[in-house]
Amino acid sequence: MDRVSEFPDLMRMLYDTKICPAWHIILFLATLATQAIAFQAAGKPRPEIGFLETSNGAWSTHLEKIVPVGNASPWSIATVSVTNNGKSQFEPLVFNLYPTSGENRGAIETKRVAPPHNNRLGRPVLPGEKVLYEVLINATADVFDPIKTAADTEAKQYFSGSYKSEPHVKILSKKAARAQKAGAWHTETHIDVENTSEHAVDAVFHATMRLPAKVETLLNVRLNPHEKKPWIVNETPGGASGPWPDCDIQKLQLVDWCEIFDGAETTPQKVRNDRIESKPGASTPPTGSGVVELTTAWNATYRFPDEKVRITGEYIVETPGTDGVWRGYKKLSGTFTLDGFHLGRHEGGSALPTAPAVDGPTGRALSEIVLDRFGIWFGRDITGRAHFQEAFAGSIIQKDRSQFTISTGPFSIIELSGPRIAKFTFRNKAERVIEHERLGNSWVVTCYTTGDEILRATWKDLGGGWLFPSSFEFRSVFSKQWGPEKLTFSKLSVTKQ
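Going by the working numbering, the first residue of the sequence shown is number 17, and it counts up by one from there.
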């Protein structure tokens, strides 16, 4: 029997929600492109799946509504619509919402389903369609205005054909029960659930609760092919410092699902650039008095080579032990692999801890958290940025001393310190200050400060034109009191794929 607290599913991943830079999301939208894999499923060919790097307006994303999980909860349920304006079908897996009020105006990311985020399909958006998705987001509803809130989506899957997964998940029975947990008695819900598909699936249920209070939240469960099992839900996502310890479910409604095909954990996927659906003016070069100087500044910081590689190494994680995602561990070490690493993103990977050795669901959950820390850094880092002409296509850039105003795109202002970029101001007024250090003949960013959040890194030259972080130190990522977390990397190597 899988208890929610032991399963590395979306509920644990949701407590790893982070703020990501708008420029990275807009310039490096990851989606699926073509890769043929011989496979027959349910009597029909498996669709070809891969990543599509940019869409240039082929879809639009909108916040339809957002409601709080409960009166005292820092979590909300957002209903996000995605409209396909192009000719290629795709499926979004990660959403980003931009608050319209409050201190933090950076993008808040939420995962529709837990990783892996490749080789999987469920509820895609076909050309001309509009599809609604419910997601749990770590933010209060009052910081969003559905009319004004900007939204976008990344990790979109592009695929061939018109494949649509059917809702093969069934609830067979449900009952409340009492159980002892941490020396106290709590209510939990026992659910018999079945997956009739021959693929593994992540299922998302909208749950109406009796306990811990009359609240509504989202629950996620992963089922193996043709699996029927008892699912014990002993905590409710949405509490201020973690899930509530009681769970008495009055009503469950299946609202989302996504199947996982064979090879999703390990099979790399090809990336293609789809320029067919480019919006008008996407190829128009930027103009204005600041283009020449800002181009020089944009190119003054190290950028990853345009090749796909595998990064491997050893890691040590040190935390104060207060973030529940680490399951109480204050120090962990192990080896990691980032497969298909390209411009700050990776298509697959692993980071199982070896000291202490932790296996099973907990080990896999910890591995995902280690990999996610790479995402926290590279989600802000400009090392994987687009080339200048692509990043600022169609923009008018005006210079005023060391400040540049930009007419379109995620940045409204970019400021320089000497020949390099020192500060970004986003359209929603959020500011990100960056610091550089020299490494050999290159300049790398060693610190990003966004409000209270501070991310630091040191770098190492791996040869062959490749520089890579040798350590991270993160503070105040999820709250002012969060952290610090430190990750140290050694025995780093890079190989072409």
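The C-beta atom is built at its ideal place from N, Cα and C for all residues, glycine as well. Since the structure is predicted, the reported quantities are computational estimates derived from the model, not experimental observations.
Residue i (DSSP reduced to helix, strand or coil)
i: F160; result: coil
i: L377; result: Inspection of the sequence shows that residue 377 is occupied by Pro rather than by Leu. If DSSP states are grouped into helix, strand and coil, P377 belongs with the helices.
i: T399; result: helix
i: R291; result: Bear in mind that the predicted position of R291 carries a pLDDT of just 31, short of 50, making it unreliable; the figure below should be weighed with that in mind. Looking at R291 - three-state DSSP - the assignment turns out to be coil, as it is neither helix nor strand.
i: Q513; result: coil
i: W75; result: strand
i: S458; result: strand
i: R491; result: strand
i: N320; result: The residue asked about is misnamed: residue 320 is Phe in this sequence, not Asn. Reduced to three states, the DSSP call for F320 is coil.
i: V325; result: strand
i: W498; result: coil
i: V449; result: strand
i: S411; result: coil
i: L48; result: Its pLDDT being 30, under 50, L48 is placed unreliably in this model, and the value from its coordinates should be taken loosely. Strand.
i: L152; result: strand
i: E182; result: coil
i: V386; result: helix
i: W91; result: coil
i: T504; result: strand
i: V98; result: strand
i: V147; result: strand
i: V231; result: coil
i: V237; result: strand
i: V535; result: Coverage of the chain is limited to positions 17 through 513, which leaves residue 535 absent and any answer about it impossible.
Alpha-carbon to alpha-carbon, residue j and residue i
i: S418; j: G364; result: 40 Å
i: K507; j: G340; result: 29 Å
i: D322; j: K230; result: 51 Å
i: H403; j: G306; result: 16 Å
i: H362; j: A200; result: 43 Å
i: S509; j: F442; result: 35 Å
i: R226; j: L268; result: 12 Å
i: S486; j: D477; result: 9 Å
i: G350; j: E501; result: 16 Å
i: G395; j: G360; result: 8 Å
i: T77; j: I153; result: 16 Å
i: F488; j: A313; result: 25 Å
i: I93; j: T421; result: 35 Å
i: R194; j: E204; result: 6 Å
i: W91; j: G456; result: 45 Å
i: E182; j: Y149; result: 16 Å
i: I276; j: Q405; result: 37 Å
i: V85; j: T233; result: 6 Å
i: G479; j: P132; result: 30 Å
i: T466; j: R389; result: 17 Å
i: R454; j: H242; result: 55 Å
i: E281; j: G376; result: With a pLDDT of 45 at E281, under the threshold of 50, the predicted position of this residue should be treated as unreliable, though the coordinate-derived value follows. Cα-Cα distance, rounded: 15 Å.
i: L109; j: T169; result: 8 Å
i: T474; j: I412; result: 35 Å
Sequence-distant residues of its chain with Cβ nearer than 6 Å to residue i (five each side left out)
i: C463; result: E451 and R472
i: V333; result: L348 and L503
i: D468; result: S492 and K496
i: S366; result: T353 and S383
i: F357; result: V325 and I327
i: F44; result: Because F44 carries a pLDDT of 30, less than 50, the predicted location of this residue cannot be relied on, and no value is offered for it.
i: S428; result: T441 and R443
i: K12; result: With the chain running from 17 to 513 in the structure shown, residue 12 is simply not present.
i: G499; result: F490 and R491
Span of the beta strand (DSSP E) around residue i
i: A200; result: A200 to N211
i: L113; result: V110 to Y114
i: V308; result: Counting along the chain, V308 falls outside any beta strand (DSSP E), though it belongs to the alpha helix (DSSP H) covering V307 to W314.
i: E275; result: D264 to I276
i: F404; result: First-last for F404: F404 to A407, but that is the alpha helix (DSSP H), not the beta strand (DSSP E).
i: A371; result: P369 to A371
i: G365; result: G364 to S366
i: G350; result: K347 to F357
i: G479; result: E469 to G479
i: H222; result: A216 to L227
i: P435; result: Unbroken run through P435: none, as it is neither H nor E.
Own chain, CB closer than 8 Å to residue i, minus 5 neighbours either side, in chain order
i: G337; result: G344, Y345 and K346
i: A167; result: T77, H78, L79, V96, F111, N112, L113 and Y114
Same chain, Cβ closer than 7 Å to residue i, five either side skipped, listed in chain order
i: P160; result: Note that residue 160 is Phe in the sequence shown, not Pro. Hits under 7 Å: L79, I82, L113, P115 and T116.
i: V151; result: A94, V96, F111, T126 and R128
i: E431; result: S418, Q419, A438 and K439
i: V374; result: L382
i: D397; result: G360 and V461
i: T156; result: P84, P90 and S92
Any non-hydrogen atom of the ligand MN closer than 7 Å to residue i Cβ
i: L234; result: Within the structure as shown, the ligand MN is missing, as the structure has no ligands at all.
Span of the alpha helix (DSSP H) around residue i
i: Q105; result: That residue, Q105, is in no alpha helix (DSSP H); it is neither H nor E in DSSP.
Any C-beta of chain D under 8 Å from that of residue i
i: V271; result: Structure shown: chain D not included; a single protein chain is present.
For the pair the stretch 94-114 and the stretch 135-143, tell me if three or more CB-CB distances fall below 8 Å.
Counting Cβ pairs under 8 Å, three or more are found: they touch.
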